[in-house]
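Chemist:
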Amino acid sequence: MTMTDDPLNAEQKSAYSYAQLFKSHPQAMWVYDVESLQFLMVNDAAVARYGYSRQEFLEMTIRDICLQEDLSPLLESIAKGPRGHEEPSVWRHRLKDGQIVFAEISSHPFDFEGRSARLIMALDVTKRLVAEQKSRESEELFRAVASVTADVIWDWNVSTDAIWWSDGLKAVFGHSPEEGRRNLEFWKTHVHPDDRERVLRSTQAAMDRRLQTWKDDYRFLRSDGSTAHVEDSGYIIYDQQGNPVRFVGGMTDISARKEAEDKLTQQAALLDLARDAIIVHDIDQRVLFWNKGAERIYGWTAEEAVGRSLRELLYGGDYNSNLRAYVAAVVATGEWSGEIAQRRRDGTCITVEARCSLMRDVDGSPRSILSINSDITARLAVEEQLRQAQKLEAIGQLTGGLAHDFNNLLTVLLGNAEVLVDRLSDDKDLRRLAEMTWAAAQRGSELVHRLLAFARRQALEPQVVDLNSLLDGLEALLRRTISQDIEIELLQPADLWKALVDPAQLETAILNLCINARDAMPCGGRLMIETANISLDEHLADWNADTAPGQYVVMTISDTGTGMEPHVLARAFEPFFTTKEAGKGSGLGLSMVFGFAKQSNGHVKIHSQPGEGTTVKMYLPRAVQADKETTSSPSRSKLPRGSETILLVDDNELVRTYAATQLANLGYKLVPASNGQEALDALREVSDIDLLFTDVIMPGRLSGRHLAEQARAIRPNLPILFTSGYADNGQDNLGPGCHFLRKPYRSSELAVKVRLMLDGKF
Numbered sequence: 001m002t003m004t005d006d007p008l009n010a011e012q013k014s015a016y017s018y019a020q021l022f023k024s025h026p027q028a029m030w031v032y033d034v035e036s037l038q039f040l041m042v043n044d045a046a047v048a049r050y051g052y053s054r055q056e057f058l059e060m061t062i063r064d065i066c067l068q069e070d071l072s073p074l075l076e077s078i079a080k081g082p083r084g085h086e087e088p089s090v091w092r093h094r095l096k097d098g099q100i101v102f103a104e105i106s107s108h109p110f111d112f113e114g115r116s117a118r119l120i121m122a123l124d125v126t127k128r129l130v131a132e133q134k135s136r137e138s139e140e141l142f143r144a145v146a147s148v149t150a151d152v153i154w155d156w157n158v159s160t161d162a163i164w165w166s167d168g169l170k171a172v173f174g175h176s177p178e179e180g181r182r183n184l185e186f187w188k189t190h191v192h193p194d195d196r197e198r199v200l201r202s203t204q205a206a207m208d209r210r211l212q213t214w215k216d217d218y219r220f221l222r223s224d225g226s227t228a229h230v231e232d233s234g235y236i237i238y239d240q241q242g243n244p245v246r247f248v249g250g251m252t253d254i255s256a257r258k259e260a261e262d263k264l265t266q267q268a269a270l271l272d273l274a275r276d277a278i279i280v281h282d283i284d285q286r287v288l289f290w291n292k293g294a295e296r297i298y299g300w301t302a303e304e305a306v307g308r309s310l311r312e313l314l315y316g317g318d319y320n321s322n323l324r325a326y327v328a329a330v331v332a333t334g335e336w337s338g339e340i341a342q343r344r345r346d347g348t349c350i351t352v353e354a355r356c357s358l359m360r361d362v363d364g365s366p367r368s369i370l371s372i373n374s375d376i377t378a379r380l381a382v383e384e385q386l387r388q389a390q391k392l393e394a395i396g397q398l399t400g401g402l403a404h405d406f407n408n409l410l411t412v413l414l415g416n417a418e419v420l421v422d423r424l425s426d427d428k429d430l431r432r433l434a435e436m437t438w439a440a441a442q443r444g445s446e447l448v449h450r451l452l453a454f455a456r457r458q459a460l461e462p463q464v465v466d467l468n469s470l471l472d473g474l475e476a477l478l479r480r481t482i483s484q485d486i487e488i489e490l491l492q493p494a495d496l497w498k499a500l501v502d503p504a505q506l507e508t509a510i511l512n513l514c515i516n517a518r519d520a521m522p523c524g525g526r527l528m529i530e531t532a533n534i535s536l537d538e539h540l541a542d543w544n545a546d547t548a549p550g551q552y553v554v555m556t557i558s559d560t561g562t563g564m565e566p567h568v569l570a571r572a573f574e575p576f577f578t579t580k581e582a583g584k585g586s587g588l589g590l591s592m593v594f595g596f597a598k599q600s601n602g603h604v605k606i607h608s609q610p611g612e613g614t615t616v617k618m619y620l621p622r623a624v625q626a627d628k629e630t631t632s633s634p635s636r637s638k639l640p641r642g643s644e645t646i647l648l649v650d651d652n653e654l655v656r657t658y659a660a661t662q663l664a665n666l667g668y669k670l671v672p673a674s675n676g677q678e679a680l681d682a683l684r685e686v687s688d689i690d691l692l693f694t695d696v697i698m699p700g701r702l703s704g705r706h707l708a709e710q711a712r713a714i715r716p717n718l719p720i721l722f723t724s725g726y727a728d729n730g731q732d733n734l735g736p737g738c739h740f741l742r743k744p745y746r747s748s749e750l751a752v753k754v755r756l757m758l759d760g761k762f
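Next comes the structure, spelled out in structure tokens:
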């Protein structure tokens, strides 16, 4: 929406209505006081984009995010009143991490609780401005290249019908470029009348079929009325809706075409500007021309390539069926395009997109083939990653939903089984049955946690973690777990950054990877665990479609085991996929590691070859905030009790009844509620509630988080304990005084957590 039109009626102009608008709006928005410039409200998008917490924002003014040199004009625009800051304008803002971004600001004046205020919508246009600058530079480069080519370069704006011609139009055909730049009609009238209808049909057909390239040969009228035979080709650019917007190409006068070698010599400088490989070879695949693009892509210099067999250079000496097929197709039809698997000089395999044309002698006999090859290896790899990510995401959504429901059931089973084990100490037979039930429920809980980890829906409690210290603590356990004939080596740099990650889940991930490595080395070997710092820029992140640029702490776990075949490696992260014997693996180890890393805003890379072992890299985000103190839990030998009043909120009746029973047995008074609205009503009616204990995921308008926000408005100092076995957006940013208990929880864990919350020991 635009901020010049008022979309709100009088009743909606309240802090609550604006808060709801803020909550759902994807763009950064805030409200500030015109006199003091103090922030009065900020939405989640602003908090996420600028890096300040909501509390930090509300303690700041506009001056704190505005650059010093921009402050004076900003204050002048504000001082002009409603019209001074009403039209969208671009300002520079400083994020919390010091990064400078460009924001397009739209402002709307209104009264906020009796104050003169402004509602601001801030759209980050940094990337757009950078893209516009790159576009201008690209346009300048295009004009520069056009000025040095002997051919006629043209640029047709399909939307406006304007066409630009290079100065070659005058040099080659005698026409003034300025005359030709009026519109496309100039070109149409100079196409030979006998060819005009056919050529116009071919250009329109190329755009109708959404083709990327167009090519045609026809007759063109020179300024003196004579006729030239031209070869014309172009590249078509489409908008996001698939409509053609730009047609760029080049026209060559081929009336007096010289020998192919002379022509290639004249054009060599222009061809070497191309990033693509431009190769000319004879019908027997002997290389005649090899440009700089071919040198960059394949590694062979022109001196090394010219005169040698294309089969020897790019196909390892094999008479590749693709090579034979495309040569035959070009000779038969005059052109061919498609994807071909080739090799570089160093032996690595690549895939190129080739566009081939037949070149003939003056008598019309096939003489050579011009091939323009684009290396699409990286693009295909990214496309495959995206396909894999989409498949895993679909499986994860199904898995996460099932695991969420099971967690509620397991909370009741595990908790009640634990109680029965304690109370049946005198009946050995019944106690044994209770212990079996508890063990089965515990096993089910572990499986559900792994499923939720893969689905990226487990409830994480991220902390600032020193990976080196964590490994030191795990080393003894690892050496007991790993066979004695496996050598363990730890490489830990002293200057390692700290990571923001759930330490318990990280330990589980490390153990899973080490156990996998152990199982891959039945006859012994070497296990190496290495930590390192790494910064991923946008170029490196492009190779991983779902990885964001930034700073990471990397843990690399390598083994010298049997390795994986390519078809096994492709499915390594799928849940329940395992190559182990029945009963020796659940198939959830690697999938849990994958989901845990992704939910932690990190990434996992795996490399493996048969007989050469396996390497797994976990990229974990670098921590930027201060360490959080970890409060140790008291001994569980005797469950802590209390007499306070607890508001218990859970939409699952079984879980609610179970928790209420356990808490009542510990002496607490309970106020149960099945949804958020019932809980708010209870808060207003019962004055002595000491703790809000609520599920996070609940149906209806009020989730656990929304309930907590409104509960704090009623009781600002009320401690809040969240519980869930399923995380929608992670468990960070719960708010001050809020903590988390993961489902399924045992009665002892519930007792300890509640007591710590009530005693204020978090």
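Using UniProt numbering, you'd call the opening residue of the sequence shown number 1 and step up by one each time. In this text, a Cβ means the ideal position worked out from N, Cα and C, and glycines have one as well.
Could you give the residue range of the beta strand (DSSP E) that holds residue 607?
Modeler: Counting along the chain, the beta strand (DSSP E) containing residue 607 begins and ends at 603-609.
Chemist: Could you name the residues that DSSP lists as bridge partners for residue 234?
Modeler: For residue 234, which the question treats as bridged, DSSP gives the partners 214 and 249.
Chemist: Exposed or buried, what is residue 567 when buried is set at 16 or more other beta-carbons lying within 10 Å of its beta-carbon?
Modeler: It is exposed - the Cβ of residue 567 has fewer than 16 other Cβ atoms within 10 Å.
Chemist: Residue 477 by DSSP, collapsed to three states: which one?
Modeler: DSSP places residue 477 in helix when its eight states are reduced to three.
Chemist: Pick helix, strand or coil for residue 124, following the three-state DSSP scheme.
Modeler: Strand.
Chemist: Starting from residue 97, follow the alpha helix (DSSP H) in both directions and report where the run begins and ends.
Modeler: Where residue 97 is concerned, there is no enclosing alpha helix (DSSP H), given that its DSSP letter is neither H nor E.
Chemist: Leaving out the 5 sequence neighbours to the left and right, which residues in its chain are closer than 7 Å to residue 276 when beta-carbon positions are compared?
Modeler: Closer than 7 Å at Cβ, skipping near neighbours: 293, 372, 373 and 374.
Chemist: So for residue 497, helix, strand or coil by DSSP?
Modeler: Looking at residue 497 - three-state DSSP - the assignment turns out to be coil, as it is neither helix nor strand.
Chemist: Just the Cα atoms here: how many angstroms apart are residue 537 and residue 607?
Modeler: The straight-line gap from Cα to Cα measures roughly 21 Å.
Chemist: Which residues share a DSSP beta bridge with residue 556?
Modeler: Answer by DSSP bridge pairing, in chain order: 530 and 617.
Chemist: Does residue 254 pass the burial test, meaning 16 or more other C-beta atoms within 10 Å, or should it be called exposed?
Modeler: Answer is exposed; the Cβ neighbour count stays below 16.
Chemist: Tell me whether residue 415 sits in a helix, a strand or coil according to DSSP, three-state version.
Modeler: Three-state DSSP puts residue 415 in a helix.
Chemist: Check whether the Cβ atoms of residue 358 and residue 331 lie closer than 8 Å to each other.
Modeler: A contact, by the Cβ cut-off of 8 Å.
Chemist: Would you kindly report the start and end of the unbroken alpha helix (DSSP H) that includes residue 187?
Modeler: 185-190 is the span of the alpha helix (DSSP H), which, as asked, contains residue 187.
Chemist: May I ask you to report which of helix, strand or coil DSSP gives residue 254?
Modeler: If DSSP states are grouped into helix, strand and coil, residue 254 belongs with coil.
Chemist: Please state whether DSSP places residue 817 in a helix, a strand or coil.
Modeler: Past the boundaries of the shown model lies residue 817; the chain is included only from 1 to 762, so the question cannot be answered.
Chemist: At what residues does the beta strand (DSSP E) containing residue 366 begin and finish?
Modeler: Looking at the DSSP string, the run of the beta strand (DSSP E) that includes residue 366 is 366-375.
Chemist: Mapping the DSSP letters down to three states, classify residue 747 as helix, strand or coil.
Modeler: Helix.
Chemist: Once DSSP output is grouped into helix, strand and coil, what is the label at residue 229?
Modeler: The answer is strand: DSSP assigns residue 229 an E or B state.
Chemist: Please list the terminal residues of the continuous alpha helix (DSSP H) segment that includes residue 655.
Modeler: Looking at the DSSP string, the run of the alpha helix (DSSP H) that includes residue 655 is 653-665.
Chemist: For residue 763, which residues from the same chain have a beta carbon less than 7 Å from its beta carbon, with the 5 sequence-adjacent residues on both sides left out?
Modeler: Past the boundaries of the shown model lies residue 763; the chain is included only from 1 to 762, so the question cannot be answered.
Chemist: Short check: CB of residue 689 to CB of residue 647, under 8 Å?
Modeler: Contact: yes.
Chemist: Confirm, please, whether the CB-CB distance from residue 248 to residue 155 is below 8 Å.
Modeler: Cβ atoms of residue 155 and residue 248: closer than 8 Å.
Chemist: Residue 95 to residue 102, Cα distance in whole Å?
Modeler: Distance between the alpha carbons of residue 95 and residue 102: 11 Å.
Chemist: Confirm, please, whether the CB-CB distance from residue 640 to residue 500 is below 8 Å.
Modeler: Their beta carbons are not under 8 Å apart, which means residue 500 does not touch residue 640 by this criterion.
Chemist: Can you tell me which of 599, 34, 218 and 433 puts its alpha carbon nearest to the alpha carbon of residue 114?
Modeler: Looking at the Cα atoms, 34 is the closest of the given residues.
Chemist: If you reduce the DSSP assignment to three classes, tell me which class residue 669 lands in.
Modeler: Correct three-state label for residue 669: strand.
Chemist: Indicate the three-state DSSP secondary structure (helix, strand or coil) for residue 763 in the structure shown.
Modeler: Past the boundaries of the shown model lies residue 763; the chain is included only from 1 to 762, so the question cannot be answered.
Chemist: Using a Cβ-Cβ cutoff of less than 6 Å, which residues in the same chain neighbour residue 417 once the five nearest sequence positions on both sides are dropped?
Modeler: Hits under 6 Å: 434, 437, 438 and 441.
Chemist: Could you name each continuous beta strand (DSSP E) segment of 3 residues or more that falls completely within the stretch 20-64, going from the start of the chain to the end?
Modeler: With a minimum length of 3 residues, the continuous beta strand (DSSP E) runs that stay inside the stretch 20-64 are 28-33 and 39-42.
Chemist: Excluding the 5 residues flanking residue 361 on each side, which residues of the same chain have their C-beta closer than 7 Å to its C-beta?
Modeler: So the list reads 367, once near-sequence residues are dropped.
Chemist: Report all residues from its chain with a CB closer than 7 Å to the CB of residue 411; omit the five preceding and five following residues, and keep chain order.
Modeler: Contacts found: 655, 658, 743, 744 and 745.
Chemist: Which value, in whole angstroms, describes the spacing of the CA atoms of residue 126 and residue 527?
Modeler: Roughly 45 Å between the two C-alpha positions.
Chemist: Can you tell me whether residue 432 is buried or exposed? The criterion is at least 16 other CB atoms within 10 Å of its CB, across all chains shown.
Modeler: Answer is exposed; the Cβ neighbour count stays below 16.
Chemist: Nearest by alpha-carbon distance to residue 339: which of 346, 504, 349 and 353 is it?
Modeler: Measuring from the Cα of residue 339, the nearest candidate turns out to be 353.
Chemist: Sorted by chain position, which residues of the same chain lie with C-beta nearer than 7 Å to residue 552's C-beta, five sequence neighbours on each side aside?
Modeler: The answer, listed in chain order, is 534, 536, 602, 619, 620, 621 and 622.
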